């Protein structure tokens, strides 16, 4: 299975749409995505995600499943350092890193900061639950921290093949079917990655930047019996922007992005 997560292009939050630059990003993105063999598209109901997806869907003459659970976090918490309300990926580093619960993929919602607004944990669990439901329709059943593939022909691959082992390279599954593409938001993508990779949400959301219109590719590695574990091939990739001469937007980052 291939799972591709796309963050919306540069947003105009006031109109819940895209900026002029965002529309250029969406067009360049569509040129990239339209060459893929996509099984199914999913999209957040929010305008900035739908507008981003619209360019691709029109070019491919496709439609997307609109899923409410893919809408961005609307809940905020009071930052104990600044006293201001903030998103759960904008905490002060010295503050959130001092709480051991933030490093627990299950218990981070019980941390002092996050538990101050239970909606944060509820939203996260909703995303995880609905993601598992979607994966189950394709035969991937959550079993603790891994997935079991229903009806899969079992094989056992002990190590990754070396380039000089072509016969073993041929044994590797293609991993192209099914290919699911999701248009969503920074917080939602961070939640999905947190759940699939078993990385605490707060840790991942503060350590990784997913630029506007960026592409994150996950493959389900199915190498041991009926087990599957998702692995990231790339995160936050924007080579479609750079190839098209469009600079990377700083939207969502506390530093200007490296333009290369």
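In my numbering, the protein residues as written are -12 to 247. The beta-carbon is built from N, C-alpha and C at its ideal position, and this holds for glycine as well. Bear in mind that the values here come from a model prediction, so they are computed numbers and not experimental data.
What does the Cβ neighbour count give for residue i, buried or exposed, with the cut at 16 atoms within 10 Å?
| i | result |
| --- | --- |
| residue 161 | exposed |
| residue 130 | exposed |
| residue 0 | exposed |
| residue 3 | exposed |
| residue 109 | exposed |
| residue 192 | buried |
| residue 215 | buried |
| residue 75 | buried |
| residue 236 | buried |
| residue 245 | exposed |
| residue 124 | exposed |
| residue 9 | buried |
Counting only beta-carbon separations shorter than 9 Å, does residue i have a partner in chain B?
| i | result |
| --- | --- |
| residue 244 | Included in the structure is just one protein chain, with no chain B present. |
DSSP has residue i in a bridge; who is on the other side?
| i | result |
| --- | --- |
| residue 206 | -11, 218 |
| residue -6 | 171 |
| residue 72 | 65 |
| residue 27 | 167 |
| residue 133 | 130 |
| residue 53 | 30 |
| residue 143 | 211 |
| residue 5 | -2 |
| residue 224 | 202 |
With a threshold of 7 Å on Cβ separation, who are the neighbours of residue i within its own chain once the five nearest residues in sequence on each side are excluded?
| i | result |
| --- | --- |
| residue 88 | 94, 95, 97, 98 |
| residue 111 | 96, 178, 188 |
| residue 185 | 92, 132 |
Suppose you measure from the CA of residue i to the CA of residue j; what does that come to, to the nearest Å?
| i | j | result |
| --- | --- | --- |
| residue 26 | residue 165 | 6 Å |
| residue 243 | residue 234 | 11 Å |
| residue 71 | residue 23 | 43 Å |
| residue 241 | residue 79 | 12 Å |
| residue 170 | residue 223 | 13 Å |
| residue 153 | residue 226 | 29 Å |
| residue 30 | residue 50 | 10 Å |
| residue 62 | residue 84 | 21 Å |
| residue 146 | residue 183 | 22 Å |
| residue 248 | residue 159 | Past the edges of the chain, shown from -12 to 247, lies residue 248, and the structure says nothing about it. |
| residue -12 | residue 151 | 26 Å |
| residue 208 | residue 69 | 43 Å |
| residue 73 | residue 60 | 11 Å |
| residue 248 | residue 7 | Absent from the model: residue 248. The displayed extent of the chain is -12 to 247, so no value can be given. |
Whose C-beta lies closer than 8 Å to the C-beta of residue i among residues of the same chain, with five residues either side of it excluded?
| i | result |
| --- | --- |
| residue 5 | -5, -4, -3, -2, -1, 12, 13, 35, 38, 39 |
| residue 102 | 96, 108 |
| residue 21 | 43, 46, 47 |
Give me, in chain order, the residues of the same chain whose beta-carbon lies closer than 6 Å to that of residue i; leave out the 5 immediate sequence neighbours on both sides.
| i | result |
| --- | --- |
| residue 210 | 144 |
| residue 254 | No answer is possible for residue 254: it lies beyond the span of the chain, which begins at -12 and ends at 247. |
| residue 197 | -6, 173, 176, 223 |
| residue 239 | 173 |
| residue 86 | 98 |
| residue 16 | 200, 227 |
On the premise that residue j lies in contact with residue i, defined as a C-beta separation below 8 Å, what is that separation, rounded to the nearest angstrom?
| i | j | result |
| --- | --- | --- |
| residue 155 | residue 148 | 4 Å |
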